[in-house]
Amino acid sequence: VSRRKEKDEL
Amino acid sequence: MNVFRLLGDISHLLAIIILLLKIWKTRSCAGISGRSQVLFAVVYTARYLDLFTSYISAYNSIMKLVFLAASYGTIYLMFIKFKASYDHNHDTFRIEFLILPCVLLSLLINHEFSPLEILWTFSIYLESVAILPQLFMVSKTGEAESITSHYLFALGSYRALYILNWIYRYYAESHYDVIAIVAGIVQTVLYCDFFYLYITKGIYGQ
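Protein chains in written order, with this note's numbering: chain A, 26 to 35; chain B, -3 to 202.
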């Protein structure tokens, strides 16, 4: 889940 | 967000707009690889599925929608509206040789074995090689219209700027993603030959 949040790049 | 990533996203957006304008204005997709455009649509579809599950920011969501709409719009223009101008004979790169290895690699090397994460990893790997059919087509025809070379320059620059963004984030936020970085370097290296030609001679016409 933490990875989902971190994925702020396009 | 940092200036490198912002410039990278702008460069990416510019590339997509240049391509759409080229096809729309000239009413022709001569010199453009439809196969690469299909790969890009697959890349954005696999990567932006989280559009519905996790909200990052308005910017993030809007840009994802724009990239998805533009890539499907380009495919519509190429394969339906201006189908007659699509250059089948020179757009022959076997994309199954790109998709299958990316599927396998994303199942073997990923951060987490979950559907969204595997799809994201697949999209990262596929994006790094998605331009190959286009570069192959340019090498086969031996030239590219100036507008097409500007498109490729903007598209190649976007991931090069993302590399600067990753360096910045490593030092400023001690955040890094090995998969994205390695794939991004591969992607940018693939453009090197084109960058050299674009900068030294402007490959159109020769």
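Glycine included, each C-beta is placed from N, C-alpha and C at the ideal position. Because the structure is a prediction, the values reported are computed rather than measured.
Following the DSSP letters along the chain, one finds threonine 184 of chain B inside the alpha helix (DSSP H) bounded by residues 174 to 196. Cα atoms of phenylalanine 78 of chain B and arginine 155 of chain B: separation of roughly 29 Å, rounded to the nearest angstrom. Annotated three-state conformation of glutamate 113 of chain B is helix, per DSSP. Residue range 30 to 43 is occupied by the alpha helix (DSSP H) that includes arginine 43 of chain B.
Residue state for aspartate 5 of chain B is assigned as helix, using DSSP reduced to three classes. Residues of the stretch 47 to 79 of chain B with a Cβ closer than 8 Å to any Cβ of chain A, in chain order: Thr49, Ser50, Ile52, Ser53, Asn56, Met59, Lys60, Phe63.
Burial is judged here by how many other beta carbons sit within 10 angstroms of a residue's own beta carbon; methionine 74 of chain B has at least 16 and is buried.
Excluding residues up to 5 positions away in sequence, Tyr44, Leu47 lie with their Cβ nearer than 6 Å to the Cβ of lysine 60 of chain B in the same chain. Where asparagine 161 of chain B is concerned, the enclosing alpha helix (DSSP H) starts and stops at 142 to 169.
Among the residues of chain A, those whose CB is under 8 Å from the CB of aspartate 5 of chain B are Leu35, following chain order.
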